[in-house]
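Asker: Protein chains in written order, with our numbering: chain E, 1 to 162; chain C, 163 to 324.
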């Protein structure tokens, strides 16, 4: 297999770009609303978003509101969203905080074969009619990116054990 | 919006099946190997898999091994996989352990608009040449399902706060 060597120790994966895959298609189930605008003072990550009191909402597409049955305010959920502007073929990357190249699977970079990001957040409000969920913190820009799943956080599945 | 009412309080989402979405395509980056065979005594979930000492491996597709740079044995990662046999249009479901219908976003059911499942596991071995990762526990059948991402588990992102 041949690789494209890039600046700063990055490695791309030609001739295959995962964006050209013939795999199954994602469907978008909603949008994240936040107070962060591109070019503004968006937080670097969910940790700093939480410190800044950066609450947000998830607005589900029509039809999905019934899927919220069984959730409650105060419950933690994992919100998954699709980073639709990210390239997908950089297997080794050079993030600013590292001196050398790092593998994509050791990073939370949005640049990855399937650009899914996720955060564990707390539900602060829940409208079962309109499908709008308040969440305690979010670090992404208002209106972007599309939401692809919401899962209840479950300790035995999601917490490191042992 | 009209819904298809089903047995046991289930609700499907016609006329749209998320499987027919025109969204971006997933790419499969590897396979999970486990000792569980269909029809056998597979564990009900990752918790019971761990109790049963059910270690497994993730075998990456060619080209992705370099993406493991920066990971180490003992580190916890989130393995994400695509439940390719699951239907995608059941918004309210009736799992065996509940008396009435439950919304898909309150369940970890594989049946969901985007059938991505995930578990937080510990790396027990790591072969950077072949792209094979040993993990401490897994609850899915050998050879299925396709892996779509591996992410480092990070406390400030993945752990409930507050």
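Even for Gly, the Cβ is constructed at its ideal location relative to N, Cα and C. Just so it is clear, the structure is predicted and the values come from calculations on it, not from any experiment.
Buried or exposed: which applies to residue 149 of chain E, given that a residue is buried once 16 or more other Cβ atoms fall within 10 Å of its Cβ?
Answerer: Label assigned to residue 149 of chain E: buried.
Asker: Indicate the three-state DSSP secondary structure (helix, strand or coil) for residue 43 of chain E in the structure shown.
Answerer: DSSP places residue 43 of chain E in coil when its eight states are reduced to three.
Asker: Using Cβ-Cβ distances below 7 Å, what residues of the stretch 305–319 of chain C are close to chain E?
Answerer: Under the 7 Å Cβ criterion, the stretch 305–319 of chain C contributes 310, 311, 312, 313, 314, 315, 316, 318 and 319.
Asker: Counting only C-beta atoms, is residue 229 of chain C closer than 8 Å to chain E at any point?
Answerer: Yes, residue 229 of chain C counts as interfacial toward chain E.
Asker: What beta strand (DSSP E) runs, 3 residues minimum, are completely inside the stretch 43–118 of chain E?
Answerer: The stretch 43–118 of chain E contains these whole beta strand (DSSP E) runs: 56–60, 76–82 and 90–93.
Asker: Using alpha carbons as the reference points, say which of C:275, C:230 and C:227 lies closest to residue 250 of chain C.
Answerer: When each option's Cα is compared against that of residue 250 of chain C, the closest is C:275.
Asker: Using three-state DSSP, classify residue 18 of chain E as helix, strand or coil.
Answerer: Correct three-state label for residue 18 of chain E: helix.
Asker: Quick one: Cα of residue 223 of chain C to Cα of residue 129 of chain E, how far?
Answerer: Their Cα atoms are separated by approximately 43 Å.
Asker: Tell me where the beta strand (DSSP E) around residue 149 of chain E begins and ends.
Answerer: Taken as a continuous stretch (DSSP letters only), the beta strand (DSSP E) holding residue 149 of chain E covers 146–152.
Asker: Which same chain residues, not among the five before or five after residue 161 of chain E, have their C-beta less than 8 Å away from its C-beta?
Answerer: Cβ within range, chain order: n/a, list empty.
Asker: Determine whether the beta carbon atoms of residue 59 of chain E and residue 134 of chain E lie at a separation below 8 Å.
Answerer: No, the pair does not count as a contact, with Cβ atoms beyond the cut-off.
Asker: So what does DSSP say about residue 156 of chain E, is it helix, strand or coil?
Answerer: The answer is helix: DSSP assigns residue 156 of chain E an H, G or I state.
Asker: I need the DSSP call for residue 305 of chain C, collapsed to helix, strand or coil.
Answerer: In the structure shown, residue 305 of chain C sits in coil (DSSP, three-state: anything other than H, G, I, E or B).
Asker: Give me the chain C residues within the contact set of residue 120 of chain E, using Cβ-Cβ distance strictly less than 9 Å, ordered along the chain.
Answerer: Neighbours of residue 120 of chain E on chain C, chain order: 319, 320, 321, 322 and 323.
Asker: Check whether the stretch 99–112 of chain E and the stretch 60–75 of chain E touch, using three or more Cβ-Cβ pairs below 8 Å as the test.
Answerer: With a cut-off of 8 Å, the stretch 60–75 of chain E and the stretch 99–112 of chain E do not count as touching, because too few Cβ pairs lie within range.
Asker: Just the chain C side, please: which residues come within less than 9 Å of residue 182 of chain E by C-beta, in chain order?
Answerer: Residue 182 of chain E lies beyond the stretch modelled for chain E, which goes from 1 to 162, so this question has no answer here.
Asker: Could you have a look at residue 23 of chain E and say whether DSSP puts it in helix, strand or coil?
Answerer: Residue 23 of chain E falls in the coil class under three-state DSSP.
Asker: Can you tell me which of the three DSSP states residue 231 of chain E falls into?
Answerer: Absent from the structure is residue 231 of chain E, since the part of chain E shown begins at 1 and ends at 162.
Asker: When you compare the CB positions of residue 282 of chain C and residue 240 of chain C, do they come within less than 8 Å of one another, or not?
Answerer: Going by C-beta atoms, residue 282 of chain C is nearer than 8 Å to residue 240 of chain C.
Asker: Can you check DSSP and say which residues form a bridge with residue 282 of chain C?
Answerer: The partner list for residue 282 of chain C (beta bridge, DSSP) reads C:240.
Asker: Given a cut-off of 8 Å on the beta-carbon distance, is the pair residue 258 of chain C and residue 69 of chain E in contact?
Answerer: Result no, Cβ atoms of residue 258 of chain C and residue 69 of chain E do not sit closer than 8 Å.
Asker: As a quick exercise: from E:72, E:34, E:159 and E:44, pick the residue whose alpha carbon is nearest that of residue 54 of chain E.
Answerer: Measuring from the Cα of residue 54 of chain E, the nearest candidate turns out to be E:34.
Asker: Along chain E, which residues have their Cβ under 7 Å away from the Cβ of residue 175 of chain C?
Answerer: Going along chain E in sequence order, the residues near residue 175 of chain C (Cβ under 7 Å) are 63.
Asker: Between which two residues does the beta strand (DSSP E) carrying residue 295 of chain C extend?
Answerer: First-last of the beta strand (DSSP E) with residue 295 of chain C: 294–297.
Asker: When Cβ atoms are compared, which residues of the stretch 184–215 of chain C fall closer than 8 Å to chain E?
Answerer: Against chain E - using a Cβ distance shorter than 8 Å - the residues of the stretch 184–215 of chain C are 184, 185, 186, 187, 188, 189, 190, 191, 207, 208, 209 and 212.
Asker: In the DSSP output, what is residue 288 of chain C paired with across the bridge?
Answerer: In DSSP, residue 288 of chain C forms a bridge with C:295.
Asker: Closer than 7 Å by C-beta to residue 43 of chain E: which residues in its own chain qualify, once you throw out the five before and the five after it? Chain order, please.
Answerer: 49, 52, 54 and 139, listed in sequence order.
Asker: Step through the CB atoms of chain E and report whether any lies within less than 8 Å of the CB of residue 238 of chain C.
Answerer: Chain E contact via Cβ: present.
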